[in-house]
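So the number in this note's numbering is just where the residue sits in the sequence shown, counting from 1, plus 15. Idealized CB from N, CA, C, for every residue including glycine. Model, not experiment: these values are computed from the prediction.
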Amino acid sequence: MNYQILSPKSFNTKKWSGGETTELYIYPLESEYGKLDFKFRLSTATVAVNTSVFTALPGVFRQLLVLEGQMELEHIGHHNKVLNSGVVDQFSGDWETHSKGVCVDFNVMTTANTKVELSAVLLNAEEKQELNLEAEYSEMFIYLYKGELNIGLADKEVLLREGELFCLKHLEEISMLCSANLNSIAALVKVEVF
């Protein structure tokens, strides 16, 4: 079982017109967001303005999860969705997308045939949840926005602190027990790159 924990010190934060965005992980590691040559990219963003228009990203599939606050997304000619904490929306980077609301969100961007599943892990202190990495995926990421989590692996327990990213690569189906020491909000990402 191959895992690592990335700390906030290793993340790259930049300003954008409506707040800040932080790149947590990009694959391949030598790829660049500006060149859109990645297979997948994980990031967070603070939206500090009430209305904004998303940057067009041709050929990119997007999933967005609100970690704190509320956002309404309007995908012109497609659908609208209100996102409260823990709610995910999926859309194409080719679409014209407008947002309303102030929030902190978690973003997954994929290209080519990359398969991804994004969901929220919302646990109260001392609450537990089983996390499964199904055989169709080979990588799992847990970004802990708030709180503190213990992640039970086969032979050890790993402590995940606020702001850290847990990265796991595994070629077989596994199950892990996740328990919260504090009230916790996390984003769970499962990935398979073809």
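- Distance between residue 87 and residue 65 (C-alpha atoms, nearest Å): Within the sequence shown, numbered from 1, the residue matching residue 65 stands at position 50. Within the sequence shown, numbered from 1, the residue matching residue 87 stands at position 72. One C-alpha to the other measures close to 10 angstroms.
- Report the residue from 180, 184, 31 and 32 whose alpha carbon sits nearest the alpha carbon of residue 149. Reading the sequence shown from its first residue, position 134 is the one you call residue 149. Selected option, being the one with the closest Cα: 184.
- Could you check how far apart the C-beta atoms of residue 199 and residue 138 are, in whole angstroms? I think they sit under 8 angstroms. The residue labelled residue 199 in the question sits at position 184 within the sequence shown. The residue labelled residue 138 in the question sits at position 123 within the sequence shown. Yes, residue 199 and residue 138 are in contact; Cβ-Cβ is about 5 angstroms, under 8 angstroms.
- Task: Check the DSSP bridge columns for residue 167 and list the partner residues they point to.
- Result: Along the sequence shown, read from residue 1 onward, the residue named residue 167 stands at position 152. According to DSSP, which records beta bridges pairwise, residue 167 is partnered with 172 and 192.
- Item | Inter-residue Cα distance where the pair is residue 17 and residue 202 | Here residue 17 refers to the residue found at position 2 when the sequence shown is read from its first residue. Here residue 202 refers to the residue found at position 187 when the sequence shown is read from its first residue. Residue 17 and residue 202: Cα-Cα distance of roughly 20 angstroms.
- Query: Helix, strand or coil: which one does DSSP assign to residue 74?
  - Reply: Within the sequence shown, residue 74 is the residue found at index 59, counting from 1. The answer is coil: DSSP assigns residue 74 none of H, G, I, E or B.
- Tell me, which residues are paired with residue 161 by DSSP? Against the sequence shown, residue 161 aligns to sequence position 146. According to DSSP, which records beta bridges pairwise, residue 161 is partnered with 200.
- Item | Limits of the unbroken beta strand (DSSP E) element including residue 66 | Your numbering for residue 66 matches position 51 in the sequence shown. Unbroken beta strand (DSSP E) run through residue 66: 66–68.
- Task: Answer yes or no: do residue 131 and residue 78 have a C-beta to C-beta separation smaller than 8 angstroms?
- Result: As a position in the sequence shown, residue 131 is number 116, starting the count at 1. As a position in the sequence shown, residue 78 is number 63, starting the count at 1. Yes, they are a contact pair.
- Which two residues bound the contiguous beta strand (DSSP E) that contains residue 145? Taking the sequence shown and counting its residues from 1, the one referred to as residue 145 is at position 130. From DSSP, the beta strand (DSSP E) with residue 145 extends over 143–148.
- Item | Pairwise C-alpha distance: residue 171 and residue 83 | Looking up residue 83 in the sequence shown gives position 68. Looking up residue 171 in the sequence shown gives position 156. So the two alpha carbons sit approximately 31 angstroms from each other.
- Message: With the cut-off set at 8 angstroms, would you say residue 72 and residue 124 are in Cβ contact?
- Response: In the sequence shown, the residue the question calls residue 72 occupies position 57. In the sequence shown, the residue the question calls residue 124 occupies position 109. Cβ distance < 8 angstroms, so residue 72 and residue 124 count as in contact.
- Item | Rounded distance between the beta-carbons of residue 121 and residue 59, thought under 8 angstroms | The residue given as residue 59 occupies position 44 in the sequence shown. The residue given as residue 121 occupies position 106 in the sequence shown. Yes, they are in contact, since the Cβ atoms of residue 59 and residue 121 sit about 5 angstroms apart, within 8 angstroms.
- Determine the burial state of residue 109: buried for a count of at least 16 other Cβ atoms within 10 Å of its Cβ, exposed for fewer. Counting from one through the sequence shown, the residue named residue 109 turns up at place 94. Exposed, by the Cβ-count rule.
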